[in-house]
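Report on one structure; see the data block that follows.
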Amino acid sequence: VSVAAALHGVAGRAARLLGALRDLAAPPSCPGCGGPAGAAGQELCAACGRDLAEPAHGICPGCGVAATADASTFCPACRGGCARDAVACGVAYSGVARDLVHRFKYCADLAAGRVLAQRLARRLPEALPCGADLLVPVPLHRRRLRERGFNQAAVIARAVSRATGIPCAVDALRRTASTPPLADLPPEERARAVRGAFAVRRAGAVAGRRVVVVDDVLTTGATAEACCRALKDAGAAWTGVAAAARVILPLRR
Ligand SMILES: [Zn+2]
Ligand SMILES: [Zn+2]
């Protein structure tokens with residue numbers, strides 16, 4: 012670890028601690044826009060609450076392409092050959108949802124993360140009607156975890172676990188390789204970039220079980236798919252993907 016990286020990590024943690032203290036002192040604010048919070052029990056203000064939309068129907072749950080007959084139908088490219096059996100998403104990744112993800116992930120705004128987790132938890136019974144035995148967050152590479160100080164997928168998975176009663180195994184998966192930021196790659200190269208990048212720590216923890224991989228944002232689904240593949244290889248009976256926000260991709264012709 013370089014001295015610069017270590018100092019960066021310390022500075023990041025100090026900034027987050029200051030942020031948390033400031034939040035304690037300030038009146039409650041909307042995690043979406045920073046304005047006054049909503050009515051009691053609702054952290055988002057009314058305008059942000061209206062802006063947060065469920066992913067529209069007609070989106071392939073596998074890759075997010077807007078092309079299918081209904082929300083539960085995989086597109087032809089995703090049908091067959093994919094390890095995930097179902098996909099659940101809290102909200103569409105746009106507007107306030109995008110702001111919430113950024114505040115949560117890059118500013119450690121836990122109130123924003125809480126709103127995202129709540130939306131996802133609310134969608135699970137309908138999106139995964141047969142239920143699940145275990146929630147497993149997409150793991151961060153050690154280096155990324157040191158820089159950020161927390162794994163955003165693990166925070167969401169724990170919150171969804173508390174809301175739904177489905178147990179959460181934060182360390183069930185590990186990253187065996189550091190992968191380039193997928194946002195920098197074209198969609199068709201992402202699957203190859205993350206293939207084999209995940210492994211199950213103890214096959215006994217997932218064998219024969221219905222396991223849901225949890226992440227913050229689902230784009231092409233390449234990362235979640237690689238996790239589901241590792242879980243199936245370790246004997247998982249069924250795998251689902253639960254993402255707080257879903258990017259809707261334009262239909263490619
Ligand atoms: Zn707001
Ligand atoms: Zn698809």
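Here the sequence shown stands for residues 12 to 264, numbered as in this note's numbering.
Ideal Cβ placement from N, Cα and C applies to all residues, glycine included.
Here the structure is a predicted model, which is why all the values come from computation and not from measurement.
Check: residue i C-beta below 6 Å from any heavy atom of ligand 1
i, result
"Cys41", "yes"
"Gly92", "no"
"Gly124", "no"
"Gly106", "no"
Candidates the options, of which the one nearest residue i by Cα
i, options, result
"Ala208", "Arg185, His113, Pro87 and Asp227", "Arg185"
"Val107", "Ala254, Gly45, Asp226 and Glu200", "Gly45"
"Ala22", "Cys118, Thr175 and Ala168", "Cys118"
"Ala57", "Gly73, Pro66 and Ser40", "Ser40"
"Leu156", "Ser189, Ala132, Cys141 and Arg125", "Ser189"
"Ala99", "Ala248, Arg130, Ala122 and Arg125", "Arg130"
"Leu62", "Val171, Leu111, Val252 and Gly73", "The amino acid occupying residue 62 in the given sequence is Asp; Leu does not appear at that position. Ranking Val171, Leu111, Val252 and Gly73 by Cα distance to Asp62 puts Leu111 first."
"Cys59", "Arg109, Ala255 and Val166", "Arg109"
"Leu146", "Ala25, Gly20, Gly251 and Leu260", "Gly251"
"Asp227", "Gly215, Ala168, Pro261 and Ala77", "Ala168"
"His113", "Ile70, Gln163 and Arg95", "Gln163"
"Arg27", "Ala174, Ala210, Val102 and Ala122", "Ala122"
"Gly219", "Val225, Thr234 and Trp249", "Trp249"
"Val171", "Gly69, Ala253 and Ala235", "Ala253"
Three-state secondary structure assigned by DSSP to residue i
i, result
"Arg130", "helix"
"Ala77", "strand"
"Val98", "strand"
"Ile177", "coil"
"Leu184", "strand"
"Val225", "strand"
"Gly246", "coil"
"Arg257", "strand"
"Val252", "strand"
Rounded C-alpha distance that separates residue i from residue j
i, j, result
"Ala88", "Thr187", "27 Å"
"Val321", "Asp144", "Nothing about residue 321 can be read from this structure; the chain reaches only from 12 to 264."
"Glu200", "Ser105", "24 Å"
"Thr230", "Pro140", "23 Å"
"Gly75", "Val258", "7 Å"
"Arg206", "Cys238", "9 Å"
"Pro272", "Pro192", "The structure shown has nothing for residue 272, since the chain only spans 12 to 264."
"Phe161", "Phe85", "33 Å"
"Ala202", "Phe115", "26 Å"
"Ala132", "Gly20", "31 Å"
Neighbour-count burial assignment, residue i, 16 or more Cβ in a 10 Å radius
i, result
"Ala245", "buried"
"Cys179", "buried"
"Gly91", "exposed"
"Pro136", "exposed"
"Ala64", "exposed"
"Leu127", "buried"
"Asp182", "exposed"
"Asp150", "Per the sequence shown, the amino acid found at residue 150 is Pro instead of Asp. So Pro150 counts as buried."
"Glu158", "exposed"
"Gly176", "exposed"
"Ala50", "exposed"
"Leu55", "buried"
Ligand 2 heavy atom lying under 6 Å from the CB of residue i
i, result
"Ala88", "yes"
"Gly49", "no"
"Gly73", "yes"
"Val258", "no"
"Val252", "no"
"Val76", "yes"
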